[in-house]
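Participant: If you scroll down you'll find the structure; I have some questions about it.
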Amino acid sequence: MSPDGVVPGADGAESVGPEPVGPDGVVAGSVGPGPVVSEGTRRPLGERIPPDRVDAVVVGSGPNGLAAAIRLARAGRDVVVFETQPRVGGAVVSQELTLPGFVSDTFSAVYPAGAASPVFARLPLDRHGLEWVQPEVAMAHPMPDGRAGALYRDLERTAASLDELHPGDGTAWAGWARRYLDVFPSLRATVLGGFPPAVGGLRLAASLGVEGTLEFARLLLTSAEQLADDLFEGEHAKAWLYGSVLHGDVAAEESGSAIAGAYLQLLGHAVGWPSPRGGASGLSGALAGYLASLGGRVRLGTRVERIVTARGRVAGVLTSDGHRWRAPVVICDTGPHAMLGLVGEAMPTRYRDRLARFRHGPRTVKVDWALDGPTPWTAPPARAAGTVHVGGEAAAVTAQTTAVRRGVIPERPFLLFGQQSVADPSRAPAGKHTAWAYTRVPAAVAGEEAVAAHAGRMTDQVERFAPGFRDRILARALQGPADLERANENLVGGDVGGGTYRLDQTVFRPLPALVPYATPIHGLWLGSASTFPGGAVHGVPGWSAAGYALAASRIGR
1088 MSPDGVVPGA DGAESVGPEP VGPDGVVAGS VGPGPVVSEG TRRPLGERIP PDRVDAVVVG
1148 SGPNGLAAAI RLARAGRDVV VFETQPRVGG AVVSQELTLP GFVSDTFSAV YPAGAASPVF
1208 ARLPLDRHGL EWVQPEVAMA HPMPDGRAGA LYRDLERTAA SLDELHPGDG TAWAGWARRY
1268 LDVFPSLRAT VLGGFPPAVG GLRLAASLGV EGTLEFARLL LTSAEQLADD LFEGEHAKAW
1328 LYGSVLHGDV AAEESGSAIA GAYLQLLGHA VGWPSPRGGA SGLSGALAGY LASLGGRVRL
1388 GTRVERIVTA RGRVAGVLTS DGHRWRAPVV ICDTGPHAML GLVGEAMPTR YRDRLARFRH
1448 GPRTVKVDWA LDGPTPWTAP PARAAGTVHV GGEAAAVTAQ TTAVRRGVIP ERPFLLFGQQ
1508 SVADPSRAPA GKHTAWAYTR VPAAVAGEEA VAAHAGRMTD QVERFAPGFR DRILARALQG
1568 PADLERANEN LVGGDVGGGT YRLDQTVFRP LPALVPYATP IHGLWLGSAS TFPGGAVHGV
1628 PGWSAAGYAL AASRIGR
């Protein structure tokens, strides 16, 4: 069995099966109108295939691809989405990776930005099966002394938790956070808006005033280490902030890391850190179901082999089943380098060279567990949390990131740990639980043996804060960097963020441009997590790319 749970066929290709069923209950070959198309379809040599004509093609069925397709379909366009994998969702899918009845989220799992998404808020996803599940504790950061900093929806409860760890730290956090929660709609419009974020930025500036706007500008540029020093005297609260910073790949001592960690904490208060009931596929299935209701189609198990251009304009795509699809608009929910590969020499050299500078983030190892019971955390808040940051003191957390950056394998890796079955018992058989963890790794963690050895270190790290955890493991599934990329080509080298979030590439994704979704080829757009505002599953890049594509078509570009 491959890392994504697909059984290889006899010829070495992954077998899609006769009629796999998608998360919304339809045959997986096609979501919505249109014939079922499966990977591996072959036609007689030399047969002429009449081209299919559509208004738009979307490459990739992740949340950004589906958001792009939905916006086009809502505007009356005939749109088809092509997905290489036999299931819809890109990196937002759930499967039984460990044992039957234990539902794991194959890649991503917790979606605060999804709950805050201005794109998803526009869509009737609840009518297509999406239900958000909120754990009692959004996030907990346990410490070796048996206590834990906790992030609750309620700001005052969070402040009380931090004050228990060190008097005054919770009060400081509440005072700092309240000013941004009071203007959260404007903040969200700035952080989760398309590029350039002018409208949201102007609204935020008007809400904060001159002094507040300058403080926000400082927040964008400063480090989490500096912000923590400004707010906290105790080490527990600093570690509580640093853990959220490490959802990205920027170290706590680097410029730009303060907003990364602080915004995640603010999301915890504003919208929580929820997950879809039943697994990540609940979100992808709802998006695909709504697209189908608009007449849009998703072709699974169908790879786009080439993007066809003519005289500087996109003309359509060629797919792995031998079809030619004519379309004046193509939106790629892919990485920048993958898009260049699909276009080939038709892409102008200057743009190709600039896009080639795009940098991917660090490698990742992910472990999923089937458990005989809940994880036995020593710290009580961790037992009720959906997400647990496993790393201990602030110094230990920063030491792990330093080691990885230097190419050293950390013996005590920092872990992002999820236990969605605590709040959503539908994920596992009665009395049982699921859990997962991922961590960044240096290049030395490559190959099955190295990945398995590091999974052992990850288990040891959990055991330090939850004695007896190892005894509750019934089964596990491992994904190293190569496995992640093999299961989803957008996770290049095991980069789960769609590119590094160093300060320059956070703002200018994938390159400096007023419209970063556009390419020099008219009708070809990039709308993936590699474009502004980046990853975290909110659909904004795809929605923005589709908006620009519609605007361009209205003016004849």
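Numbering (this note's numbering), first residue to last: 1088 to 1644.
Beta carbons are placed, not taken as given, at the ideal position from N, Cα and C, and that holds for glycine.
Hey, which unbroken runs of the alpha helix (DSSP H) at 4 residues or more fall wholly within the segment 1253–1326?
Facilitator: Listed in chain order, they are 1256–1268, 1271–1278, 1285–1308 and 1311–1318.
Participant: Please name the residue, chosen from Trp1456, Gly1152 and Gln1506, that lies closest to Gln1566 on a Cα-to-Cα basis.
Facilitator: Out of Trp1456, Gly1152 and Gln1506, Trp1456 has the C-alpha closest to the C-alpha of Gln1566.
Participant: Assuming Thr1618 contacts Pro1603 under a Cβ cut-off of 8 Å, what Cβ separation, rounded to an integer in Å, is found between them?
Facilitator: 5 Å
Participant: Find out if the Cβ-Cβ distance for the pair Leu1578, Ala1196 is shorter than 8 Å.
Facilitator: no
Participant: In terms of DSSP beta bridges, what is Ser1191 paired with?
Facilitator: Ser1191 pairs with Gln1182.
Participant: So Gly1505 and Pro1150 are in contact, right, with Cβ under 8 Å, and what is the actual spacing, rounded?
Facilitator: Actually they are not in contact, since the Cβ atoms of Gly1505 and Pro1150 sit about 18 Å apart, beyond 8 Å.
Participant: Just confirm the distance between the C-beta atoms of Gln1182 and Pro1361, as a whole number of angstroms; I'd bet it's less than 8 Å.
Facilitator: In fact, because the Cβ distance is near 20 Å, the residues do not count as touching under 8 Å.
Participant: Could you tell me how far apart the beta carbons of Val1332 and Pro1199 are, in whole angstroms, since I believe they sit closer than 8 Å?
Facilitator: That belief does not hold up - the Cβ atoms of Val1332 and Pro1199 are roughly 14 Å apart, past 8 Å.
Participant: Do Thr1521 and Leu1458 have their beta-carbon atoms positioned less than 8 Å apart in this structure?
Facilitator: yes
Participant: In the DSSP assignment, find the unbroken alpha helix (DSSP H) run with Leu1442 in it and report its ends.
Facilitator: Segment Thr1436 to Leu1442, the alpha helix (DSSP H) holding Leu1442.
Participant: Tell me whether Gly1201 sits in a helix, a strand or coil according to DSSP, three-state version.
Facilitator: helix
Participant: Using alpha carbons as the reference points, say which of Val1278, Pro1449, Arg1493 and Thr1593 lies closest to Val1583.
Facilitator: Pro1449
Participant: Compare the beta carbon distance of Thr1171 and Glu1576 with 8 Å and say whether it is the shorter of the two.
Facilitator: A distance below 8 Å separates the beta carbons of Thr1171 and Glu1576.
Participant: Express the C-alpha separation of Gly1581 and Gly1096 in angstroms, rounding to a whole number.
Facilitator: The predicted position of Gly1096 is uncertain, since its pLDDT is 28 and thus under 50; no value can be drawn from it.
Participant: Measuring straight from C-alpha to C-alpha, what distance separates Ala1650 and Thr1462?
Facilitator: A query on residue 1650 cannot be resolved here, the shown segment of the chain reaching from 1088 to 1644 and no further.
Participant: What is the residue span of the alpha helix (DSSP H) that Thr1421 lies within?
Facilitator: Segment: none, Thr1421 is in no alpha helix (DSSP H) and carries neither H nor E.
Participant: Over what stretch of residues does the alpha helix (DSSP H) that includes Leu1503 continue unbroken?
Facilitator: Run containing Leu1503: none in the alpha helix (DSSP H); it sits in the beta strand (DSSP E), Leu1502 to Gly1505.
Participant: Would you kindly check if the distance between the Cβ of Arg1393 and the Cβ of Leu1046 is under 8 Å?
Facilitator: In this structure the chain extends from 1088 to 1644, so residue 1046 is not present and cannot be described.
Participant: If you draw a straight line from the C-alpha of Leu1274 to the C-alpha of Leu1353, how long is it?
Facilitator: Leu1274 and Leu1353 have their alpha carbons spaced roughly 10 Å apart.
Participant: Start and end of the beta strand (DSSP E) containing Met1226?
Facilitator: Val1224 to Pro1229
Participant: Along the chain, where does the beta strand (DSSP E) that runs through Val1477 open and close?
Facilitator: From DSSP, the beta strand (DSSP E) with Val1477 extends over Ala1472 to Val1477.
Participant: Which residue or residues does DSSP assign as beta-bridge partners of Lys1646?
Facilitator: There is simply no residue 1646 to check, as the chain begins at 1088 and stops at 1644 in what is shown.
Participant: Given that a residue counts as buried once 16 or more other Cβ atoms are within 10 Å of its Cβ, and exposed if not, what is Arg1446?
Facilitator: Exposed, since its Cβ has fewer than 16 Cβ neighbours within 10 Å.
Participant: Output the distance between the C-alpha atoms of Leu1571 and Pro1468, rounded to the nearest integer angstrom.
Facilitator: The alpha-carbon separation between Leu1571 and Pro1468 amounts to approximately 31 Å.
Participant: Quick check on DSSP: helix, strand or coil for Ile1394?
Facilitator: strand
Participant: Within a Cβ cutoff of 8 Å, which residues of the same chain sit near Thr1300, ignoring the five residues on either side of it in sequence?
Facilitator: Leu1291 and Ala1292
Participant: Can you list, in chain order, the residues of its chain whose CB lies under 7 Å from that of Glu1320, leaving out five sequence neighbours each side?
Facilitator: His1253, Gly1255 and Asp1256
Participant: Do you know whose CA, among Phe1189, Ala1482 and Val1145, lies nearest Trp1523's CA?
Facilitator: Phe1189
Participant: For Glu1170, which of helix, strand or coil comes out of DSSP?
Facilitator: strand
Participant: Around the Cβ of Asp1440, are there at least 16 other Cβ atoms within 10 angstroms (buried) or fewer (exposed)?
Facilitator: Asp1440 should be labelled exposed.
Participant: Does the beta carbon of Asp1455 come closer than 8 Å to any beta carbon on chain C?
Facilitator: The question asks about chain C, but that chain is absent: this structure has only one protein chain.
Participant: Would you call the CB atoms of Arg1514 and Thr1185 closer than 8 Å?
Facilitator: no
Participant: Once the 5 residues before and after Ala1156 are set aside, which same chain residues still bring their CB inside 6 Å of it?
Facilitator: Val1145, Val1166, Val1168, Leu1378 and Gly1383
Participant: Could you spell out the range, first to last residue, of the beta strand (DSSP E) harbouring Ala1457?
Facilitator: In the DSSP assignment, Ala1457 falls within the beta strand (DSSP E) that extends over Arg1450 to Leu1458.
Participant: Does the Cβ-Cβ distance between Pro1363 and Leu1217 come in under 8 Å?
Facilitator: yes
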